[in-house]
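Have a look at the structure below before the remarks.
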Amino acid sequence: GAGVSQTPSNKVTEKGKYVELRCDPISGHTALYWYRQSLGQGPEFLIYFQGTGAADDSGLPNDRFFAVRPEGSVSTLKIQRTERGDSAVYLCASSPRVNNEQFFGPGTRLTVL
Amino acid sequence: SQQGEEDPQALSIQEGENATMNCSYKTSINNLQWYRQNSGRGLVHLILIRSNEREKHSGRLRVTLDTSKKSSSLLITASRAADTASYFCATVLTGGGNKLTFGTGTQLKVEL
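So, in structure tokens, the structure goes:
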């Protein structure tokens, strides 16, 4: 079946611009997660949704970052006033229930010039 | 912040040999998971071990968990060139919801 998909696969933007990254989870998975991975590091947690609500947003670095999941399926990660330090691969994952394995998408590589 | 650390950071072996990677973590966990990442397929889940389990097997993979030492190990037996990848341990902390806290990873290279 279809896995987690993320669009775009690559995004190049200029400092100060706004970007949106999209995640389509596996159908029926109620939990959705966003992580960020810098070169040579493991992924770092950003935010987790259970259904439509953000169950834990403690990993969002500051208020420039925001994520939504209005219908409990697709999620969008929004970054305002991008900075060069935001450059990373943004990973999305979904799982059918809590404390289960997570299925990751291929990621969106964000480059802020 | 990263919770765990993998050891070694890099490992190079010959095809057919076994590869062992270790992971240490700092706080109480609900479960520990191992993931593989390569450029071709992204992050792939390998195995999950719960805090009340000590050992688990899946094909050529064997994972152990020692909660008293806050450590885990991943053993890949009879390695293949296709096992070349980065391997990460990730923990779900007790009371931490379902978010994964990843370690720094081990880069494994299996040579023909």
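For the protein sequence lines, the chains are C and Y, in the order given. Residue numbering for the first sequence follows the numbering used here, beginning at 11 and increasing consecutively. Residue numbering for the second sequence follows the numbering used here, beginning at 451 and increasing consecutively. No residue lacks a Cβ here, since even glycine has one placed at the ideal position from N, Cα and C. All of these numbers come straight from a predicted model, not from anything done at the bench.
For residue j and residue i, the rounded distance between their alpha carbons
i, j, result
"K21 (chain C)", "V560 (chain Y)", "33 Å"
"S15 (chain C)", "E505 (chain Y)", "33 Å"
"S501 (chain Y)", "I479 (chain Y)", "6 Å"
"S83 (chain C)", "L56 (chain C)", "18 Å"
"E567 (chain Y)", "C473 (chain Y)", "Given that chain Y is displayed from residue 451 to residue 562, the structure contains no residue 567 (chain Y) and the question cannot be resolved."
"A103 (chain C)", "W44 (chain C)", "6 Å"
"K520 (chain Y)", "E456 (chain Y)", "12 Å"
"N481 (chain Y)", "H507 (chain Y)", "15 Å"
"F59 (chain C)", "A532 (chain Y)", "34 Å"
"D34 (chain C)", "I526 (chain Y)", "32 Å"
"G69 (chain C)", "Q464 (chain Y)", "39 Å"
"T17 (chain C)", "A41 (chain C)", "19 Å"
"K27 (chain C)", "R74 (chain C)", "11 Å"
"E24 (chain C)", "G492 (chain Y)", "26 Å"
"R32 (chain C)", "A12 (chain C)", "16 Å"
"V494 (chain Y)", "Q487 (chain Y)", "6 Å"
"G547 (chain Y)", "F114 (chain C)", "18 Å"
"T121 (chain C)", "K88 (chain C)", "14 Å"
"N110 (chain C)", "T477 (chain Y)", "19 Å"
"L496 (chain Y)", "P71 (chain C)", "29 Å"
"V513 (chain Y)", "Y485 (chain Y)", "12 Å"
"T29 (chain C)", "L543 (chain Y)", "It is worth fixing the name first, because residue 29 (chain C) is Val in this sequence and not Thr. If I take the Cα positions, the gap works out to 31 Å."
"E54 (chain C)", "T92 (chain C)", "18 Å"
When the options are compared against residue i, the one with the closest alpha-carbon
i, options, result
"L498 (chain Y)", "Y:A528, Y:S523 and Y:S518", "Y:S523"
"G545 (chain Y)", "C:R74, C:F114, C:E54 and C:D66", "C:D66"
"S37 (chain C)", "C:R107, C:G117 and C:T17", "C:R107"
"T470 (chain Y)", "Y:S462, Y:T477 and Y:K476", "Y:S462"
"Y475 (chain Y)", "Y:V513, Y:T541 and Y:N548", "Y:T541"
"S599 (chain Y)", "Y:S536, Y:T514, Y:N548 and Y:F552", "As shown, chain Y starts at 451 and ends at 562. That puts residue 599 (chain Y) outside it, with no answer to give."
"H39 (chain C)", "C:T92, C:E81 and C:P116", "C:E81"
Contact under 8 Å by Cβ, residue i with residue j
i, j, result
"A98 (chain C)", "T86 (chain C)", "no"
"L101 (chain C)", "Q47 (chain C)", "yes"
"Q131 (chain C)", "L550 (chain Y)", "In the structure displayed, chain C extends from 11 to 123; residue 131 (chain C) sits before or after that span and is not available."
"R94 (chain C)", "S19 (chain C)", "no"
"F538 (chain Y)", "G63 (chain C)", "no"
"L562 (chain Y)", "T534 (chain Y)", "no"
"A460 (chain Y)", "T556 (chain Y)", "yes"
"T467 (chain Y)", "S529 (chain Y)", "It is worth fixing the name first, because residue 467 (chain Y) is Glu in this sequence and not Thr. Against a cut-off of 8 Å, the Cβ pair of S529 (chain Y) and E467 (chain Y) comes out as a contact."
Status (buried if at least 16 other CB within 10 Å, exposed otherwise) for residue i
i, result
"Q483 (chain Y)", "buried"
"P458 (chain Y)", "exposed"
"R6 (chain C)", "Because chain C here runs from 11 to 123, residue 6 (chain C) falls outside it and cannot be looked at."
"Q90 (chain C)", "exposed"
"D133 (chain C)", "Given a span of 11 to 123 for chain C in the structure shown, any question on residue 133 (chain C) remains unanswerable."
"G509 (chain Y)", "exposed"
"L515 (chain Y)", "buried"
"G117 (chain C)", "buried"
Problem - Any beta strand (DSSP E) of 3 or more consecutive residues that is wholly inside the region 499–561 of chain Y - result: Fully enclosed beta strand (DSSP E) runs of 3 or longer: 505–508, 511–516, 521–526, 535–543 and 556–561.
Practice task
Within the region 51–107 of chain C, note down every full beta strand (DSSP E) run reaching 3 residues or more, in order along the chain.
Solution key: 54–60, 63–66, 75–78, 85–89 and 98–105
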